[in-house]
Ligand SMILES: Nc1ncnc2c1ncn2[C@@H]1O[C@H](COP(=O)(O)OP(=O)(O)OP(=O)(O)O)[C@@H](O)[C@H]1O
Ligand SMILES: Nc1ncnc2c1ncn2[C@@H]1O[C@H](COP(=O)(O)OP(=O)(O)OP(=O)(O)O)[C@@H](O)[C@H]1O
Ligand SMILES: [Mg+2]
Ligand SMILES: [Mg+2]
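Residue numbers (our numbering), protein chains in the order written: chain A, 1 to 530; chain B, 1001 to 1373; chain C, 2001 to 2417; chain D, 3001 to 3373.
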């Protein structure tokens, strides 16, 4: 894997000298910001300065308060205490409209898109071009196309957002901000869902924007990226700033120290534990979409006990369908799914789960949680028919509560308690809860879809460690991830999925993220194929 | 938060609601030129009469059943507007069935059970049409149940005719009245000409069952989960279609019981043109007022029927009867608004609490831990 | 309110098949349909299947339902479920009656608009400002409105000349369009009972004779609403509030403002629907008779779109209008049409591979055919159910892929995301 | 609605002095109001005079659904009450019913009136039968009366008739027969329509008599019956829009006369009649003089008058005179309980035939069916 110190490839532009303090007022100056939520102090007395024309990274573990701070800056809520200055002028934002007017734009950690509207409608919303009263879709679409070409952010403006993959949605979000000509960009974990090529593209764009004098606040848990793009780094921890760092000087492990006070985790497996006992056996699995077009074609693969099968692929190449097919969420039109020698093709999702499939979904809000439910109710989800959650047809509430507490402790879920609703947890902590849940009731197969997406380094380490232990204990794992280092580091076998087909498998020991990236995008590199 | 404050917050909403409703009603009364004091005197006076209290409880029994039927749907975002048609059709067919000659041979207990079972079956079947259409064809149950209500009306009108399932009696048509032993005895209440309906126990049982199923069983959990996030429910192995069908059938079955107190405890022991109509819609209001909570609905049902029963007395005090319905509507608004206000106040309190513990937090440096206490 | 009506919720959103037929295709379909009706008319002699009078009745029945549906469309597109249409209609009927008898129908229509809008405003205040459950607020309005109007009626109409405790004095009618030459000419053709030609003439005559300007207004309003919602800035913002309010908020859209606007418009439209029942007649307590709910159903039937909504209203209006108007065996003849239509549906479904649906349609087709041939009229009680039964049947057989606005019915709380 | 009295005033006119009857005369009809009971129907006993102590009588009235202002029998009953009031009798209270009423609530209504100090309690509508059966025995010295139901006065009933109850029923079919005769005589097309508000046996009586009258006069004339709604959907009495559509269909279909037994929906029927230049026939009161219909009075051929007001008056008067009515009282043609109106003078030319038919019915020579089919 790439050494942390190396600057990532394709990085010709030298960041211009950062204009600090001297004369020019900082683009953003947050002073003594405190924000409380019921049961949580998300930000307490945070001071945060961003010089104009720089990329300023904000890092911190899950729940540290990064998003909250940015939402405050973007006017989505008022701080309980503290003041905001933009370009030296003190401001109070009553709504994002004010922030937008002040030249601030934000790309949110969770997509803020209307599925049932077209891309261009989503982008122009709030600052629509009109002739008379009529929406001027033409000029909107043209402007979007122009933006797309000039920044390499290509997406068809006339498509419905609901038909877009995560990568495309991310691009739409960024175009949204650019469309408003924002001078200060807030990007909350924009790279969490992108493959290396896309990340490089994005960084290219960001540098371009920076060179045009824009200011960028960049949030990420991927420290290499942070050091590659940032001119300055601010670390916050448990709601307060612990200090700033110079990306040139600081190393990943030092950053990690500041964030969590622990070593930087590295995704890697110890010696192979692969057995010859086949746990999951896919034979010619084919899935067609509503219009009868195949989205998954003749997938044949096997995962053995103690083996981690990594699947690399650009978002929307059939990963979701593959997962759904194995989980029995959507019917397969041909092929066979066998779990530990038993044909489960005809079984319901529930039966398959009972047969020992654990499932970490890619979209925790959509498939992983009941946001309105308490943590312990979420613990029951997916295990509603099994102990400790159930006694026959009756729920075992105390059992569920007890086991939830165990998960919260073992997986270090930061929460005021197990009676709080899931939606008051930060993204990372929600993820830890899900991982804990899916690992319990010792499954034989774990489907892990982006298990560490948006999860801080501390949690990553924990999650990886749990995966390793389970693997040693003979768990078979299907690992899907956009984080290629994780994929390479954590897989015993690697295959690439491309347009619904498995396109060759690779040796994790030999392949590099870049090569994998090429393969994922349809390029050919037979030489590393094992 | 201290326990005492918890308690006050808990009762604040209902109390506030009553106060708001009281104020608004008083205003309406004043505006409409009727004397509030007389009105409230009449209202209060009414419940000095044991008979009216008993009637209130009896009607509440019916209303509660209707509310539970609706609430089951609400718990998973199913809007069963069709309770009205379901209970009318069920009551009519069950009445005809129970009035059948063959019944008189059977032991009383069996007759009652058969009648109840028939009613539940009919209600479930009628709701089942909507369930089937939704599960297999994705037809919105809002539409199908609206349509089914009208169709039920026509069907009843067709069947409730001499020569079909009914007999004529003066200007009335009614199903063959149930004979002795086919209906239930009532409970005498001293000082009251009306008797207490014995099926109140059935209603309590239904309420208890509703609470137990929802909060204590896997099935209930699955229903709630589906209601809160369909996609997550599917991913965790809950078959939404099966949930839709079973919830709808259950709702229909309970709806089938709605007409039973009037049929088996009432005076006529038959389904006639005078059989109370529209209770299904009352049930919707009561379920909402009681926030689908088994205990909450007990209170809302009592409140609603109390207002209904006081209608006569209020008219006695010169208050036009439509003011009663206005009051009921206002009550509905008042309660939900009061709840919202309390909810917001509670948030503020919690935040204050966090703020207070902030100092402590600084020392340990972990707000989360502090907040956890 | 039910949140998902998609039979398989987890299906990855696929681009919906472009079901947009060209104008020619529509004409072709219409012609085929008319052919079927003409044939059956010939066979059964049930002239009212296509008679101008029946069409007029249908239009009269459909218009208020369409307006009610439009009311639902406006509010639900902004994310506020409106079960209170019925109540807002009642308010409209009162406003129309009160102003109508004193200052003429147009004043009545205006006041119906105002009263309805007030109802909408109340709904908006409850649902948007206080975050009350949308259904609760709607139900409450349905309870309060009739009581309130009846109370006012007793106050204002009892001693009005020609009024009563439960009805207003008569309200005169708005202008009714009859294209003189055309109407008569079509009339003569219609009376000739020529296969297909007379049927077409009948329908055209129905639409060009004694046509209330109010009806024309209603149609224009539907078109206009569609245009505003899908082609203007205001419309886009309203829809965004119904699809993703927090996204809209994050782009500086004042969600609360737009929800208020849309729900108020919704109320006003419902008021118009009420006025439609009053103009030319009078306010009458209990006059709306559940049309608000039917309107809501039509709107869902139309998948939250004006065109579909209009179709739903038309379908219901046609059967209801005819059911009332007809004194011959038109509804009975409808059984035959139903049978034929179902056979066609069955064939189509089977060709798409949906054999169960096909089979079911065939069975129902057979049943209605048997029913038709074994009887020569329907019991009156069942005839009244025809509009409801047929709507239900169409819903069941037309493949439903309903797509309600994503945030419809969800309580929006500013900045809580 | 005090000026509604106009109705019954003129009903008598044709019989007492047919020839002198003219539109001009009716225009003063309101003046005739005061002595209207006296003028009811030929062969009717001279209206009961109130000779006794009016102060001693206190009246309570329980209306059926619709209540005052229903433009139907509730209104008619109210007229009777108003006249009694005008005559100096104390009215203790009037209470209206609601659609969701249970028997218990109706019973409570009657009891409240009795306990509220009324010694004469009048229940309007057969719906009160079960309630009255339970309530009446508990108030032996209160005199009850029920409109449109005879079951309680049926000597064959178990336990015999209830002593303190008078059953006031009407021979609607007889009056309808006469307007049927008028329709047949006036119809040019030989096609005649009947629009019923809600499809209940009571309204079917109107249809039965009407059809019989038509057939008896012109054997090959046809009557097309149609009802607006089915019970328990009573909107059929309040939906002039649907009334108009139905009537339009009938006129377009060749009918030239339509009998509207549809309460408030009648207005729509008459509107259609005016548009089609046909005739309409009114119901319950002399609708030619109903202020709400003044715009369409000129197409109201005649009205089938059902003098509920007379029955109410008689009952109260009986009590005043110290000999309260008991047992069944059939208000038929003989006693002028039902009849036809001549206001507008549209039927003056056929009065002889109508009177002939009337005589035959009174003499029993013609038996008028009261059920359809
Ligand atoms: N709307 C809310 N209501 C209550 N608590 C909240 C809310 N939003 C955030 N929090 C809490 O505030 C704290 C900070 O959350 P925030 O989302 O800012 O963390 P973060 O640094 O963005 O974490 P992540 O890296 O996982 O996104 C968390 O403990 C979270 O539970
Ligand atoms: N029908 C009923 N009969 C008797 N007691 C009931 C009934 N319904 C609820 N209760 C009592 O009221 C309490 C609150 O009801 P609720 O349904 O909220 O239970 P809960 O424990 O709060 O479940 P949840 O945590 O899912 O809300 C219950 O714990 C139970 O003791
Ligand atoms: Mg975050
Ligand atoms: Mg609870």
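Backbone N, C-alpha and C define an ideal beta-carbon position, used for all residues, glycine too.
Under the DSSP definition of a beta bridge, residue 348 of chain A lacks any partner. Spatial neighbours of residue 1189 of chain B in its own chain (CB-CB distance under 7 Å, excluding positions within 5 residues in sequence) are listed in chain order as 1050, 1054, 1195 and 1196.
For residue 65 of chain A, the CB falls within less than 7 Å of some heavy atom of ligand 1. Using a Cβ-Cβ distance cut-off of 8 Å, the segment 3192-3207 of chain D and the segment 3074-3087 of chain D are not in contact, since fewer than three pairs of beta carbons, one from each stretch, lie closer than that value. A distance criterion of 7 Å places the beta-carbon of residue 1347 of chain B beyond contact range of ligand 1, judged by its closest non-hydrogen atom. Distance from the CA atom of residue 3349 of chain D to the CA atom of residue 3224 of chain D, rounded to whole angstroms, is 25 Å. Between ligand 1 and the CB of residue 427 of chain A, the shortest heavy atom gap is smaller than 7 Å.
Per the coordinates, the alpha-carbon of residue 2354 of chain C lies some 16 Å from the alpha-carbon of residue 2394 of chain C. Chain order gives the chain A residues near residue 2249 of chain C as 96, where near means a beta carbon separation below 7 Å.
Taking 7 Å as the cut-off, the C-beta of residue 1333 of chain B does not count as close to any heavy atom of ligand 1. Neighbours of residue 115 of chain A across chain C, judged by C-beta separation under 8 Å: 2013, 2243, 2244 and 2406. When the five nearest sequence neighbours on each side are left out, the beta carbons in the same chain lying within less than 6 Å of the beta carbon of residue 1334 of chain B are those of 1017, 1020 and 1021, in order along the chain. Under DSSP, residue 3279 of chain D shares a beta bridge with D:3257. The contact set of residue 2315 of chain C on chain B, defined by CB atoms closer than 8 Å, is empty, because the minimum CB distance reaches about 12 Å. Residue 414 of chain A has its CB nearer than 7 Å to a heavy atom of ligand 1. Residue burial annotation: residue 83 of chain A is exposed, with fewer than 16 other C-beta atoms found within 10 angstroms of its C-beta. Interface criterion met: the Cβ of residue 2381 of chain C is under 8 Å from a Cβ in chain B.
At a cut-off of 8 Å between beta-carbon atoms, residue 1009 of chain B makes no contact with chain A.
Each residue's CA atom was taken as its position, placing residue 2171 of chain C and residue 2282 of chain C some 5 Å apart. Nearest C-alpha to residue 3290 of chain D among D:3272, D:3264 and D:3278: D:3264. Closest in C-alpha terms to residue 372 of chain A, from the list A:391, A:423 and A:401, comes A:423. Per the coordinates, the alpha-carbon of residue 3254 of chain D lies some 17 Å from the alpha-carbon of residue 2193 of chain C. With a cut-off of 8 Å on Cβ pairs, the segment 2156-2165 of chain C is not in contact with the segment 1297-1306 of chain B, counting fewer than three such pairs. Close partners of residue 2281 of chain C in chain D (Cβ separation under 8 Å): 3240, 3241, 3244, 3267, 3268 and 3271. In the structure shown, the three-state DSSP call for residue 418 of chain A is coil. By the neighbour-count criterion, in which a residue is buried when 16 or more other Cβ atoms sit within 10 angstroms of its Cβ, residue 151 of chain A is buried. Assigned with DSSP and collapsed to three states, residue 106 of chain A falls in strand. Between the alpha carbons of residue 1120 of chain B and residue 1127 of chain B lies a gap of roughly 10 Å. About 6 Å separates the beta carbon of residue 259 of chain A from that of residue 457 of chain A, a gap short enough to meet the 8 Å contact definition.
What residue 2324 of chain C touches in chain A, judged by beta-carbon distance under 8 Å, is nothing: the nearest beta carbon there is about 38 Å away. Close to residue 2391 of chain C, with beta-carbon spacing below 8 Å, are these residues of chain B in chain order: 1143 and 1147. Proximity of residue 520 of chain A to chain C, defined by a Cβ-Cβ separation below 8 Å, is not satisfied.
For residue 3093 of chain D, the enclosing beta strand (DSSP E) stretches over residues 3090-3095. In this structure the segment 1221-1239 of chain B does not lie against the segment 1056-1067 of chain B, because fewer than three pairs of beta carbons, one per stretch, are closer than 8 Å. Close to residue 1058 of chain B, with beta-carbon spacing below 7 Å, are these residues of chain D in chain order: 3104.
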